[in-house]
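Shown next as structure tokens:
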């Protein structure tokens, strides 16, 4: 014979279990609803997680074929690679804006990644202190880039110059498109070679009609 | 014309075998070393396209002064789209044909990289130019960006000429002379803009000229003074197109300016040759 107090304890535990199960199912449903609601209300612009800083962008001008230094204020992360990517995103955003002097169609995430690698110098392979930036561009950006020697050269040099102006340790730049080597940007500018950032600096110093 | 015994080496592994063999042959037969050597060039999958040389120009010229005209793109590679119907490959071919005629009439020996709408690899373009032992190479391009004519010289650092040159940087030994050639083309374009045809013809267009350095896969491998000429529309102050790249007068003016520059280049070269100096 089961004692009466045991029957009461069993009934109480059963009721508590059913109540807890009900509460858990309800909480799960609420979490699911909250998740779906959160997706709908996703912010359209990335939050500024870093303080705004002044940056120098070398902006291309198709009319006279020059690179013009422009000061901009934008949030820049501390990490050098993320910083480099933020700078290039801003530069390409300028090119995609209406009325740009070097118009290039916008592409979502035009710069996929920027990797910084130490530059070895000399036969002994010792590090020179400089860094090589490997810029991985999106294929959609390269495919939509205007074809032409001047247009492609200015894009490449403005990327090199902007990186060097803000991250002076970058002395060399190489380009990938969708993670793979590509012969040219849009049929002209060579993307298989390593670009020295000094080339962009000298291009920025040149003026229209100057002897090369 | 300086000695053309320079060999252009491919960076491929098979070049490592060719170099000692070629060097050995040159040392074994000193007489052949004085003759223009056929440069070692990268092997391409496609069959080489024979360079087209107008026969009368070649046969009637006492001293061979070769100019290579490289009409960019072709075949599947249309290049830039210049409006609804015009493609860069057609405009460059048109410029090449017109310039070839003008140069042939002036006694030049002209080699073109293509005469029709065919694919020509950038290595093959350089291969044709290097086989021709050219005194000048002109790569013709067209674009919708910018204004006027853009002149480009290789951005490779200038180096002294040696017997063996790396394939991808062969132009580095000719950069100084390429800059001089670009300067002459610039002057010719400026003179064409300033000249007036009077009542006999239309007024010359004022063509803005931009000079810059760049890295082009074909031009960087050319072992000759080389300049890339990119034709863009002429734009007004409001950045709207005043004269398009398909304008016949605009094209004719550019072609005539290039012919004048190459004529001056040849005169300069012959003058230096007669005075005992090196040709450009």
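Chains as they are written, first to last, in our numbering: chain Y, 784 to 995; chain S, 9 to 288. Ideal Cβ placement from N, Cα and C applies to all residues, glycine included.
C-beta atoms of residue i and residue j nearer than 8 angstroms
i	j	result
residue 160 of chain S	residue 80 of chain S	no
residue 875 of chain Y	residue 945 of chain Y	no
residue 85 of chain S	residue 970 of chain Y	yes
residue 933 of chain Y	residue 897 of chain Y	no
residue 153 of chain S	residue 972 of chain Y	no
residue 959 of chain Y	residue 967 of chain Y	no
residue 250 of chain S	residue 242 of chain S	yes
residue 78 of chain S	residue 162 of chain S	no
residue 919 of chain Y	residue 940 of chain Y	no
residue 924 of chain Y	residue 893 of chain Y	yes
residue 149 of chain S	residue 280 of chain S	no
residue 938 of chain Y	residue 928 of chain Y	yes
residue 956 of chain Y	residue 980 of chain Y	yes
residue 144 of chain S	residue 271 of chain S	no
residue 83 of chain S	residue 127 of chain S	yes
residue 111 of chain S	residue 105 of chain S	no
Short CB-CB distance (under 8 angstroms) between residue i and chain S
i	result
residue 874 of chain Y	no
residue 961 of chain Y	no
residue 877 of chain Y	no
residue 847 of chain Y	yes
residue 982 of chain Y	yes
residue 986 of chain Y	yes
Cutoff 8 angstroms: residue i Cβ touching any chain Y Cβ
i	result
residue 267 of chain S	no
residue 108 of chain S	no
residue 46 of chain S	With a pLDDT of 34 at residue 46 of chain S, under the threshold of 50, the modelled position of that residue is not reliable, and no figure is offered here.
residue 96 of chain S	yes
residue 152 of chain S	yes
residue 247 of chain S	yes
residue 166 of chain S	no
residue 305 of chain S	Given a span of 9 to 288 for chain S in the structure shown, any question on residue 305 of chain S remains unanswerable.
residue 163 of chain S	yes
residue 182 of chain S	no
residue 78 of chain S	no
residue 85 of chain S	yes
residue 102 of chain S	no
Within chain S, the residues that residue i reaches when beta carbons sit closer than 8 angstroms
i	result
residue 967 of chain Y	225
Partner residues on chain Y for residue i, Cβ-Cβ distance less than 9 angstroms
i	result
residue 313 of chain S	In the structure as shown, chain S starts at 9 and stops at 288, and residue 313 of chain S therefore has no counterpart that could be examined.
Proximal residues of chain Y, C-beta to C-beta of residue i below 7 angstroms
i	result
residue 322 of chain S	Lying before the first or after the last residue shown, residue 322 of chain S is absent from chain S, which here runs from 9 to 288.
residue 158 of chain S	848, 932 and 933
Under 8 angstroms by beta carbon: chain Y residues contacting residue i
i	result
residue 149 of chain S	931, 932 and 971
Closer than 7 angstroms at the beta carbon, the chain S residues around residue i
i	result
residue 976 of chain Y	223
Residues in the region 212-244 of chain S having any Cβ partner in chain Y nearer than 9 angstroms | 216, 217, 218, 219, 220, 221, 222, 223, 224, 225, 228, 236, 238, 240 and 243
Quick one: complete beta strand (DSSP E) runs, 3+ long, within the region 80-131 of chain S?
-> 117-120
If you measure beta-carbon to beta-carbon, which residues of the region 925-951 of chain Y are closer than 7 angstroms to chain S?
-> Hits within the stretch, in order: 929, 930, 931, 932, 933, 934 and 936.
Whole beta strand (DSSP E) elements within the region 173-222 of chain S, 3-residue minimum = 217-222
At which residue ranges does the region 910-941 of chain Y contain complete alpha helix (DSSP H) runs of 4 or more residues, listed in the order of the chain?
-> 922-927
Where in the region 220-265 of chain S do unbroken runs of the beta strand (DSSP E), each at least 3 residues long, occur, reported from the N-terminal end onward?
-> Taking only runs of at least 3 residues, the beta strand (DSSP E) segments lying wholly in the region 220-265 of chain S are 234-239 and 249-251.
Length at least 3, wholly inside the region 830-886 of chain Y: the beta strand (DSSP E) runs in chain order = 835-844 and 849-858
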